[in-house]
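Structure follows, in structure tokens:
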């Protein structure tokens, strides 16, 4: 077998063309300098003191990001509005409350709070969306004395402007994630962060001085655009600073800081009292981030991945000094290889090149759908928690603070549960578990509640088991009460799990996407999450028409996501991919570990390069061409009945010749040896890294 092995090695070292139309990622960067988690960062002190200081600097702005993201709950909150009676000809008029104008969490559309009708009762007057009132009195429950709605009386025919203002921040964020993601890959993370902060200060403070609703909405669009750049660049910098064991924990701390901003917002609103003051207080702390121009460096990982070795050398020297590392302990000769690579030109990559990969684009698309589904169905569950009395809609607790802190508490509990779940089951296992819970909660809410409402009138409590009687006594014997209790329970479970799905999908994408296009890949997933959040104001603008269909669509998406999650690789404790070639090497492993890991170790091995299996014509043992499409009667595919093996003809030619010589010498070649040689030469490459035939 020695001659066969040597011949196989010779065949595999030849130059190969890309197959099936896919691009072959370039891999001519120095070896040690692309092994950042294994060589470079350990040499620089690992997760040392300087890296920890930079991580803390990424946490502080997360608090201000939380303020801005949840400011709509206060700036655009709907008040309890009352129509002021006219001074003349009002003796025959009565003020009645209209049920059209009370929304859950003070966020659903209200066309008016009161309508006039003359003398006798008129049912159609209660449903008029055209308001005849010209003067209003407002009462806010958010702690503010005045907000955008009360300042410009955005009720009745002007109520739609509130939803446009909500659109503005979300749409601006979506565009910001896409644009700044590409810019972060091309110009660096640090310039994107500083430019975003500068423009955020300009547009954010200008919002407080808006003179009308169009000006407010336009400036909020640019505020969301810049806010996306800050959030995206900080997320990437935090991920790229950490070693594999620290990535998830450091990211979750930042998530808790953002939730802390959500929890502190009611107190800030109560202290500020006016929406303009609140907006200024939210934006002004970002002035401190201007110091990041000098104290926060560019991402070393991105500089090395894009071969900017001149700047990398200076930053590595700065880190060595801060962490007090002895350069003489460079056993891997990282500095020597860096010095030898200084002449290389930078190579930057755009997210568009992702289309030419085999597996990477599939992973990113799956995570985009996951984040879209998670945020989209979260609104469906939040909507299901609201009361419905005829046409009257109200919040679950009929109190702004109770409802607000209930939502925030569910988000905090979700993040707390996410930490041990991911620690035990990994990224893919945790994401799969929470997506299954989300799907079950959605399907049970859609299906079980309808069955309970249909058949509860036929249930005779006196003839069933006592435990069942107790259950019905607890939840209420009436179908409405039963539906309400089950709906609230499933909604809480669904919001809990969907929040975890959204957060984990974003983090998962940051780990899977290579450094050279991490900004673009993460921007795509965050933009998908923004589209999911955008469904809430869209449904409010249409007065919740089509809500049930909206919920069904997202419930179906959860089932699709469960299947697609199984195609993702596991990234726990794995180094971050730096180039497109590294990203292609991430292949999916079994969800559960095999009973005997040694049996499948070779089957999970990763091929190092793409190969072309059809460049040389098949040859018989005697040297002539093979009939029947390149397979002789003695070909192993004919002997076993397998006709679709992607096996190179040159290898079978060598195996057949070696087998004939072994038979003459009395030796035998086992079938296991044949399989081993076939596998070692990458026979499964044709079907993709994640779909080997063996």
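Numbering (full-length UniProt numbering), first residue to last: 1 to 694. No residue lacks a Cβ here, since even glycine has one placed at the ideal position from N, Cα and C.
Contact check, residue i vs residue j, beta carbons under 8 angstroms
i	j	result
residue 283	residue 219	no
residue 315	residue 298	yes
residue 570	residue 514	no
residue 505	residue 376	no
residue 248	residue 422	yes
residue 547	residue 383	yes
residue 169	residue 161	no
residue 232	residue 522	yes
residue 306	residue 347	yes
residue 562	residue 432	yes
residue 558	residue 438	yes
residue 241	residue 55	yes
residue 353	residue 178	no
Opening and closing residue of the beta strand (DSSP E) in which residue i lies
i	result
residue 540	Unbroken run through residue 540 is the alpha helix (DSSP H), 518-541; no beta strand (DSSP E).
residue 138	136-139
Spatially closest choice to residue i from the options, by CA coordinates
i	options	result
residue 381	495, 484 and 334	495
residue 254	266, 244 and 239	239
residue 216	184, 190 and 151	151
residue 258	65, 72 and 250	65
residue 322	44, 32 and 39	44
residue 529	368, 31, 197 and 409	368
residue 290	160, 200 and 136	200
residue 272	235, 307, 147 and 55	147
residue 196	180, 211 and 207	180
residue 364	163, 153 and 564	564
residue 274	561, 60 and 74	74
residue 145	34, 581 and 277	277
residue 485	386, 268 and 263	386
residue 342	348, 324 and 304	304
residue 492	510, 507, 429 and 407	407
residue 409	326, 329, 435 and 264	264
residue 261	241, 211, 35 and 67	67
residue 280	560, 310 and 210	210
Contact set for residue i: own chain, Cβ-Cβ below 7 angstroms, skip 5 residues either direction
i	result
residue 642	At residue 642, the pLDDT of 39 sits below 50, so the modelled position is not reliable and the matter cannot be decided from this model.
residue 419	252
residue 490	441, 444 and 445
residue 243	37, 41, 46 and 47
residue 166	72, 76 and 537
residue 552	446
residue 32	39, 332, 334 and 337
residue 389	Unreliable placement is indicated for residue 389, whose pLDDT of 43 sits below 50; the coordinate value is still reported in the next sentence. Nothing meets the Cβ criterion.
residue 237	58, 189 and 299
residue 327	320 and 335
residue 208	276, 279 and 280
Contacting residues, own chain, Cβ-Cβ under 6 angstroms from residue i (five flanking each side not counted)
i	result
residue 688	Residue placement at residue 688 is poorly supported in this model, since its pLDDT is 40, which falls under 50; the coordinates are not used for a value here.
residue 379	535 and 536
residue 176	225, 228 and 229
residue 141	400
residue 549	none
residue 293	194
residue 372	528, 531 and 532
residue 62	254, 257 and 258
residue 634	Note that residue 634 has pLDDT 42, beneath the 50 cutoff, so the model's placement of it is unreliable and the number below is only indicative. Result list for residue 634: empty, nothing under 6 angstroms.
residue 20	For residue 20, the predicted model reports a pLDDT of 42, less than 50, meaning its position is unreliable; a value from the coordinates is still stated below. If we look at residue 20 and ignore the five residues flanking it on each side, it has no Cβ neighbours.
residue 660	Because the pLDDT at residue 660 is just 47, under 50, the model does not fix this residue reliably, and the point stays unresolved.
residue 163	537, 540 and 541
Opening and closing residue of the alpha helix (DSSP H) in which residue i lies
i	result
residue 361	360-384
residue 344	Element bounds for residue 344: n/a, residue is neither H nor E.
residue 152	Segment: none, residue 152 is in no alpha helix (DSSP H) and carries neither H nor E.
residue 221	213-241
residue 547	547-565
residue 160	160-187
residue 59	49-69
residue 75	72-75
residue 34	31-34
residue 582	580-584
C-beta neighbour in chain D for residue i, strict 8 angstroms
i	result
residue 274	The structure shown has no chain D; it contains just one protein chain.
Close-in-space but distant-in-sequence residues of the same chain around residue i (CB under 8 angstroms, 5 per side omitted)
i	result
residue 355	361
residue 350	182, 185, 186, 517 and 520
residue 695	No answer is possible for residue 695: the residues shown for the chain start at 1 and end at 694.
residue 415	252, 255, 256, 259, 499, 500 and 503
residue 79	106, 138, 139, 140, 141, 147, 149 and 150
Legend entry - Whole runs of the alpha helix (DSSP H) within the stretch 268-340, excluding any shorter than 4 residues: Taken in chain order, the complete alpha helix (DSSP H) segments of 4 residues or longer contained in the stretch 268-340 are 275-283, 292-295, 300-305, 309-322 and 334-340.
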